[in-house]
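Using numbering that gives the first Met the number 0, the first residue of the sequence shown is number 0, and each one after it goes up by one.
Step one of this worksheet: look at the structure below.
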Amino acid sequence: MALWCLPVHAGINGTDNSALLPSYFLEPLYSVPITHINLGCFSMCNLDNNALHALSFTFPRLELILLGIHCYWLDPPRALLAGLSAVLCNCPALKELGLVFSCSMGALDFSLLPVNSLITTLHIGISPPYNPSIVSAFLARALPCLKKICIETYYNFSSTLHNYVVSDRLHRESSWCAIMAKMAKYKKDALG
Numbered sequence: 000m001a002l003w004c005l006p007v008h009a010g011i012n013g014t015d016n017s018a019l020l021p022s023y024f025l026e027p028l029y030s031v032p033i034t035h036i037n038l039g040c041f042s043m044c045n046l047d048n049n050a051l052h053a054l055s056f057t058f059p060r061l062e063l064i065l066l067g068i069h070c071y072w073l074d075p076p077r078a079l080l081a082g083l084s085a086v087l088c089n090c091p092a093l094k095e096l097g098l099v100f101s102c103s104m105g106a107l108d109f110s111l112l113p114v115n116s117l118i119t120t121l122h123i124g125i126s127p128p129y130n131p132s133i134v135s136a137f138l139a140r141a142l143p144c145l146k147k148i149c150i151e152t153y154y155n156f157s158s159t160l161h162n163y164v165v166s167d168r169l170h171r172e173s174s175w176c177a178i179m180a181k182m183a184k185y186k187k188d189a190l191g
């Protein structure tokens, strides 16, 4: 029996799944040809560019990767756009992508961006929507067929944080819609 898919689903109750999984959590499976990883219900905010590079380099046949995208996490994501770029570069067959990331470029060179035209929806979880011009240009170039961006789907917070979380979510949703609109403009200008 071959292992090609690693889905881990957990009930969303309060903060049951809020413990950060260590960045080395998949190392025991590095010799297995996995094509699907679904850990969307667990906090992956501690994964940085190096961890994403190692993960994507180890599993180059990934077609689906969902990491920490379903819930609202209080920890900020550590991966940058360079980490997202590494995943796209190392996993050319990727059809579904979901990661939490910071919208900083880091040491990213736009002239070396990988292009994936298989991905039409990007799941971003709690990724903060700052640097809209840079993020729009990055996504327009790296994911030319992107049609939709989805933020987290579940709230896993205490009632004391309710107003903050709702306000933050509404702001992020609006900002990501603006980024999508900017992307459309970049694409239109590129076609020219």
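The beta-carbon is built from N, C-alpha and C at its ideal position, and this holds for glycine as well.
Provide the residue span of the alpha helix (DSSP H) that contains I33, from first to last.
As a position in the sequence shown, residue 33 is number 34, starting the count at 1. It is not in any alpha helix (DSSP H) - I33 carries neither H nor E in the DSSP assignment.
Quick one: what's got a C-beta closer than 6 Å to C144's C-beta in the same chain, skipping five residues either side?
Locating residue 144 in the sequence shown gives position 145, counting from the first residue. The beta carbon of C144 lies closer than 6 Å to those of S116 and T119 in the same chain, with the five residues before and after it left out.
How long is the line joining the alpha carbons of N48 and I133, rounded to whole angstroms?
Here the question's residue 48 lines up with position 49 in the sequence shown. Here the question's residue 133 lines up with position 134 in the sequence shown. The C-alpha of I133 is placed about 18 Å away from the C-alpha of N48.
Based on the DSSP secondary-structure assignment, which residues constitute the bridge partners of K147?
Taking the sequence shown and counting its residues from 1, the one referred to as residue 147 is at position 148. The partner list for K147 (beta bridge, DSSP) reads T120.
Could you name the residues that DSSP lists as bridge partners for I64?
On the sequence shown, residue 64 is found 65 positions in, with the first residue counted as 1. DSSP output for I64 lists I36 and L96 as bridge partner(s).
Classify C70 as helix, strand or coil using the three-state DSSP reduction.
Counting from 1 along the sequence shown, the entry for residue 70 is found at position 71. DSSP places C70 in strand when its eight states are reduced to three.
Hey, V86 and C44: beta-carbon distance below 8 Å or not?
The sequence position of residue 86 within the sequence shown is 87, counting from 1. The sequence position of residue 44 within the sequence shown is 45, counting from 1. Cβ distance not < 8 Å, so V86 and C44 don't count as in contact.
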